[in-house]
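Down below is the structure, laid out as structure tokens.
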Amino acid sequence: MENKQNLSETEYFLKTLNECCEKFPDFILNCIDKVMVFFELILRQSYEILICESCPTQKISAIRCIHESFRFFLTAYKKNVFPETIHFNACFMDLLDSDHLPMETLFNCCLSIVYSHIKNKSTLECWKMCLDKLSTRSDLIKLGFCVAILNTFTGEELRMIEPGSEKSICSNLYDIIMEASNRNLNDSSIIISSSRV
Numbered sequence: 016m017e018n019k020q021n022l023s024e025t026e027y028f029l030k031t032l033n034e035c036c037e038k039f040p041d042f043i044l045n046c047i048d049k050v051m052v053f054f055e056l057i058l059r060q061s062y063e064i065l066i067c068e069s070c071p072t073q074k075i076s077a078i079r080c081i082h083e084s085f086r087f088f089l090t091a092y093k094k095n096v097f098p099e100t101i102h103f104n105a106c107f108m109d110l111l112d113s114d115h116l117p118m119e120t121l122f123n124c125c126l127s128i129v130y131s132h133i134k135n136k137s138t139l140e141c142w143k144m145c146l147d148k149l150s151t152r153s154d155l156i157k158l159g160f161c162v163a164i165l166n167t168f169t170g171e172e173l174r175m176i177e178p179g180s181e182k183s184i185c186s187n188l189y190d191i192i193m194e195a196s197n198r199n200l201n202d203s204s205i206i207i208s209s210s211r212v
């Protein structure tokens, strides 16, 4: 993945992998260990390109690879081809810290984090993890987590009362969204993100 051609090939391969996962999940399941190694390698290498002094075209290609990686992850998650434990959270969190991801890719990153946590934690544990992650993040990332939670939790789970707060998860999400919106009345990214939620 050192040059643009390799990034383009990787992006194409990830698109193909995603389509295979949609149509032939059993095939992907049979080689999931190799796919997971490849997936993490691509995310790490693309992240390195983003944080290093790379040319703009390389960064754009890296962002495309990251975007396609998240699309694959979300498809694979929905098709239930991942093993019980997924060890991508550190990689996903590193990508959240990068200021180079476009809004849709950032939201897919947040959704991937929530999916990977909900796979082996209770709803309240996942909610607590999200709250912990939200406390120090930008408003755009907070909105990304809100979208991810709303797309992941069931209606019943959203009505759950958080111990100690006497408020439902849904009510807490509403407060987070409104606070982020009110702080950023002139930021078009935040306004668009708030309206998506």
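The sequence shown: position 52 = 67 (the numbering used here), numbered continuously.
Where a beta carbon is used, it is the ideal one built from N, C-alpha and C, also for glycine.
So is Gly159 buried or exposed if we call it buried at 16+ other beta carbons inside 10 Å? buried
Would you mind giving the Cβ-Cβ distance between Glu26 and Ser76, rounded to the nearest angstrom? I have them listed as a contact below 8 Å. 7 Å
Taking the C-alpha atoms as reference points, what is the distance between Ala195 and Ile184? 17 Å
Of the choices Glu177, Ile101 and His132, whose alpha-carbon is the least far from that of Met51? Ile101
Closer than 7 Å by C-beta to Ile66: which residues in its own chain qualify, once you throw out the five before and the five after it? Chain order, please. Excluding sequence neighbours, Ile66 sits near Ser113.
Helix, strand or coil at Ser153 [DSSP, three-state]: coil
Have a look at the DSSP bridge pairing and note the partners of Ser183. Ile176
I'd like the list of long-range same chain contacts for Leu149, defined as Cβ closer than 8 Å, with 5 residues on each side in sequence excluded. Ile156, Lys157, Phe160 and Ile191
Could I get the ranges of all uninterrupted alpha helix (DSSP H) runs contained in the segment 39-103, with 4 residues as the minimum, in chain order? DSSP runs (the alpha helix (DSSP H)) wholly in the segment 39-103: 40-45, 47-66 and 71-93.
Can you tell me whether DSSP reads Ser113 as helix, strand or coil? coil
Based on Cα-Cα distance, which residue from Leu32, Arg86, Ala163 and Leu200 lies nearest to Leu126? Ala163
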